[in-house]
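**Q** Okay, handing you the structure first.
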Amino acid sequence: MLNLTHKNVHNYFKIDGYHLNGDDLRSVAYSYIKEDDTNQQAIGEFLLDWFDDKEYIEMRTSGTTGLPKLVRLQKQAMIQSALATGDFFNLKPGNKALLCLPVKFIAGKMMLVRSFILGLELDVTEPSTTPLSLNDKLYDFVAMVPLQVLNSIEGLKNVKKLIVGGAKMDTALEEKVLPLKTEIYETYGMTETITHIAAKKVGEKAFSILPNIKIAQDSRGCLAITVPSISNEPIITNDLIELVKENQFLFLGRIDNVINSGGVKLIPEQIEAKLIKKINSRFFVTGIPDSILGEKLILVIEGEKQDFPTGFFDVLDKYEKPKEIVFVPKFKENENGKLLRKPSLL
């Protein structure tokens, strides 16, 4: 496995049951592109990009570290990411994997790259919120977003290892999957880091970083990530963290979301974690301008208006209790399915 290039395809690799090498995949790419299905078109375009002579692919970021922008990801760095994933999750040639994420995004692209490089037998299915509903095959390795996990609880008995990314797993979902025999990991990462750089098993609090990654805290208390295969300069995030060890950290919340109410700094994600079991609808807390406090904390709930009994918010500290409750018919999301807090209020 030394001196791998993007032209290498492991001899154990299969896609939808067929052994294909690089030349085969380039030929297949054109048939994918001709399909009406946008995900198959994305697969075809990625295959052509991956096996061309350029040393990089271009991707648009989701805005995790700032405004969305076009970035060039080195194919060699993507290979190193695939190897780190294989090492961390103990993936072996011939392991069966399922691709149920859109290939237009980095997570879907990397499932293909991992399969080429590690020799996985990959099945491709149309991305949906219920990827296992019509599938009773056994898989060693699958990647999903939280909504797919929520809709696949029964089907996960056929999955040995599952990684979950794209959005944070809330405590309610964690409690639903905790009794399952499936090894389930929440991952942390972004386009700029070529998907995950850390993972934590469901039930654990701290994320552990993958091989060859270094982490630190910047002056704001946010995570700084150094991935030598990508850049010698650290990737600075807006994620507030607590360093547990040199290779472990706790995610606290987004600095962009922090509410300064009367001089008290409140982290919405910490407040939401206390309310998750009490509110059945989707919700979030945020701050809005206030002439006295500067910002006042409000609770925003998706759906019809509802009443809350006296003492409902006693699980919260004094300054964490909402000054106002707002009901919104439907939250807004970006194309990755991530909740857009401020736009949902407009």
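Under UniProt numbering, the letters of the sequence shown match residues 1 to 346, in that order. Virtual Cβ for every residue (Gly too), placed ideally from N, Cα, C.
1) Any chance you could list the alpha helix (DSSP H) runs of at least 4 consecutive residues sitting entirely within the segment 182-246, in chain order?
2) Roughly how many whole angstroms lie between the Cα atoms of THR310 and VAL326?
3) Mapping DSSP to helix, strand and coil, what is ILE15?
4) Using DSSP with H/G/I as helix, E/B as strand and the rest coil, what is GLN306?
5) What residue range is occupied by the uninterrupted beta strand (DSSP E) comprising TYR56?
6) Rounded to a whole number of angstroms, what is the C-alpha to C-alpha distance between GLY253 and LEU20?
7) Tell me which same chain residues have a C-beta within less than 6 Å of the C-beta of ILE57, skipping the five on either side of it?
8) How close, in whole Å, do the beta carbons of VAL315 and LYS278 come, if the pair is a contact with beta carbons under 8 Å?
9) DSSP on GLU35, reduced to helix/strand/coil?
10) Where does MET1 fall in DSSP's three states?
11) Who pairs with ARG254 in a beta bridge, going by DSSP?
12) Let me know if LEU178 comes out buried or exposed under the rule of 16 or more other beta-carbons within 10 Å of its beta-carbon.
13) Within this structure, are the beta carbons of ALA167 and LEU339 separated by less than 9 Å?
14) How many Å lie between LEU134 and THR187 at the Cα?
15) Do three or more CB pairs link the segment 113-123 to the segment 12-29 at distances below 8 Å?
16) Return the CA-CA distance between LYS160 and THR182, expressed in angstroms with no decimal places.
17) Could you compute how far the alpha carbon of ASP37 sits from the alpha carbon of ILE288?
18) Closer than 7 Å by C-beta to GLU302: which residues in its own chain qualify, once you throw out the five before and the five after it? Chain order, please.
19) Quick one: Cα of THR5 to Cα of PHE51, how far?
20) Within a Cβ cutoff of 6 Å, which residues of the same chain sit near ASN151, ignoring the five residues on either side of it in sequence?
21) Can you tell me whether ASP170 is helix, strand or coil according to DSSP?
22) Indicate whether LEU112 and LEU91 have their beta-carbon atoms separated by less than 9 Å.
23) Could you give the distance in angstroms between the alpha-carbon of TYR139 and the alpha-carbon of ASN95?
24) Any idea what DSSP makes of VAL326, helix, strand or coil?
25) Just curious, the alpha helix (DSSP H) that ARG114 is in, first and last residue?
26) Assuming THR195 contacts ILE106 (C-beta within less than 8 Å), just tell me the rounded distance between them.
27) Whole angstroms are fine: how far does the CA of PRO146 sit from the CA of LEU156?
28) What first and last residue would you give for the beta strand (DSSP E) that runs through GLY287?
29) What does a CB cutoff of less than 7 Å around ILE197 pick up in its chain, not counting 5 residues either side in sequence?
30) Leaving out the 5 sequence neighbours to the left and right, which residues in its chain are closer than 8 Å to GLU295 when beta-carbon positions are compared?
31) For PRO142, which residues of its own chain have a beta-carbon under 6 Å away from its beta-carbon, when the five flanking residues on both sides are left out?
32) Which residues in the same chain as LYS109 place their Cβ atom closer than 7 Å to its Cβ, once the five residues preceding and following it in sequence are excluded?
33) To the nearest angstrom, how far is it from the Cα of GLU55 to the Cα of ILE292?
34) Can you tell me which of the three DSSP states ASN158 falls into?
35) Considering only C-alpha positions, which residue in the set GLN148, LYS321, ILE230 is nearest to VAL285?
36) Please classify ILE279: does DSSP put it in a helix, a strand, or coil?
**A** Taking the definition as stated:
1) none
2) Here residue 310 corresponds to residue number 310 of the sequence shown, with the count starting at 1. Here residue 326 corresponds to residue number 326 of the sequence shown, with the count starting at 1. Distance between the alpha carbons of THR310 and VAL326 is about 18 Å.
3) Position 15 of the sequence shown, counting from 1, holds the residue named residue 15. Strand at ILE15.
4) Translated into the one-based positions of the sequence shown, residue 306 becomes position 306. Reduced to three states, the DSSP call for GLN306 is coil.
5) Here residue 56 refers to the residue found at position 56 when the sequence shown is read from its first residue. It spans 56-60 - the beta strand (DSSP E) in which TYR56 sits, taken as one unbroken run.
6) Along the sequence shown, one-based indexing puts residue 253 at 253. Along the sequence shown, one-based indexing puts residue 20 at 20. Straight-line Cα distance between these residues: approximately 43 Å.
7) Working through the sequence shown from its first residue, we reach residue 57 at position 57. ASP49, LEU73, listed in sequence order.
8) Looking up residue 315 in the sequence shown gives position 315. Looking up residue 278 in the sequence shown gives position 278. Contact flag correct, Cβ pair sits at about 7 Å.
9) Start at 1 with the first residue of the sequence shown, and residue 35 comes out as number 35. GLU35 falls in the coil class under three-state DSSP.
10) Position 1 of the sequence shown, counted from the first residue, corresponds to residue 1. Note on MET1: pLDDT 46, under 50, position unreliable in the model; the coordinate value appears next. Three-state DSSP puts MET1 in coil, outside helix and strand.
11) Counting from 1 along the sequence shown, the entry for residue 254 is found at position 254. ASP239, per the DSSP bridge assignment.
12) Residue mapping note: residue 178 aligns to position 178 of the sequence shown, counting from 1. Exposed: under 16 other Cβ atoms inside 10 Å.
13) In the sequence shown, counting from the first residue as 1, residue 167 sits at position 167. In the sequence shown, counting from the first residue as 1, residue 339 sits at position 339. For ALA167 and LEU339, yes; Cβs fall inside 9 Å.
14) Within the sequence shown, the letter at position 134 stands for residue 134. Within the sequence shown, the letter at position 187 stands for residue 187. Whole-angstrom Cα-Cα distance: 26 Å.
15) yes
16) Indexing the sequence shown from 1 puts residue 160 at position 160. Indexing the sequence shown from 1 puts residue 182 at position 182. Roughly 5 Å between the two C-alpha positions.
17) For the purposes of this step, residue 37 is taken as the residue at position 37 of the sequence shown. For the purposes of this step, residue 288 is taken as the residue at position 288 of the sequence shown. If I take the Cα positions, the gap works out to 42 Å.
18) As a first step, residue 302 is located in the sequence shown; it is residue number 302 there, counting from the start. Only residues of its own chain outside the window of five on either side were considered, and among them SER281, ARG282, PHE283, VAL328, LYS330, PHE331 have a CB closer than 7 Å to the CB of GLU302, listed in chain order.
19) As a first step, residue 5 is located in the sequence shown; it is residue number 5 there, counting from the start. As a first step, residue 51 is located in the sequence shown; it is residue number 51 there, counting from the start. Cα to Cα, the separation comes out at about 10 Å.
20) As a position in the sequence shown, residue 151 is number 151, starting the count at 1. Around ASN151: THR129, THR130.
21) Against the sequence shown, residue 170 aligns to sequence position 170. It is coil, neither helix nor strand.
22) Here residue 112 corresponds to residue number 112 of the sequence shown, with the count starting at 1. Here residue 91 corresponds to residue number 91 of the sequence shown, with the count starting at 1. Contact: no.
23) For the purposes of this step, residue 139 is taken as residue 139 along the sequence shown, with counting starting at 1. For the purposes of this step, residue 95 is taken as residue 95 along the sequence shown, with counting starting at 1. Distance between the alpha carbons of TYR139 and ASN95 is about 8 Å.
24) Counting from one through the sequence shown, the residue named residue 326 turns up at place 326. Three-state result, VAL326: strand.
25) Within the sequence shown, residue 114 is the residue found at index 114, counting from 1. Counting along the chain, the alpha helix (DSSP H) containing ARG114 begins and ends at 106-118.
26) As a working mapping, residue 195 is identified with position 195 in the sequence shown. As a working mapping, residue 106 is identified with position 106 in the sequence shown. Contact holds; Cβ gap of about 6 Å.
27) Translated into the one-based positions of the sequence shown, residue 156 becomes position 156. Translated into the one-based positions of the sequence shown, residue 146 becomes position 146. Answer to the nearest angstrom: the Cα atoms are 13 Å apart.
28) On the sequence shown, position 287 is the one that residue 287 refers to. Note, GLY287: beta strand (DSSP E), 283-290.
29) In the sequence shown, the residue the question calls residue 197 occupies position 197. Once the five neighbours on either side are set aside, the close Cβ partners of ILE197 are TYR188, GLY189, ILE209, LEU210, ILE213, ILE225, VAL227.
30) Here residue 295 refers to the residue found at position 295 when the sequence shown is read from its first residue. ILE259, ASN260, SER261, GLY287, ILE288, PRO289, listed in sequence order.
31) Sequence index remark: in the sequence shown, residue 142 carries index 142 (1-based). The sequence shown places Val at residue 142, rather than the Pro named in the question. Taken in chain order, the residues that qualify are LEU98, VAL159, LEU162.
32) For the purposes of this step, residue 109 is taken as the residue at position 109 of the sequence shown. PHE46, VAL103.
33) Here the question's residue 55 lines up with position 55 in the sequence shown. Here the question's residue 292 lines up with position 292 in the sequence shown. Counting only the Cα atoms, ILE292 lies some 55 Å from GLU55.
34) Taking the sequence shown and counting its residues from 1, one reaches residue 158 at position 158. ASN158: helix per DSSP, three-state reduction.
35) Residue 285 sits at position 285 when you count from the first residue of the sequence shown. Nearest option by C-alpha distance: LYS321.
36) Numbered from its first residue, the sequence shown carries residue 279 at position 279. Coil at ILE279, not helix or strand.
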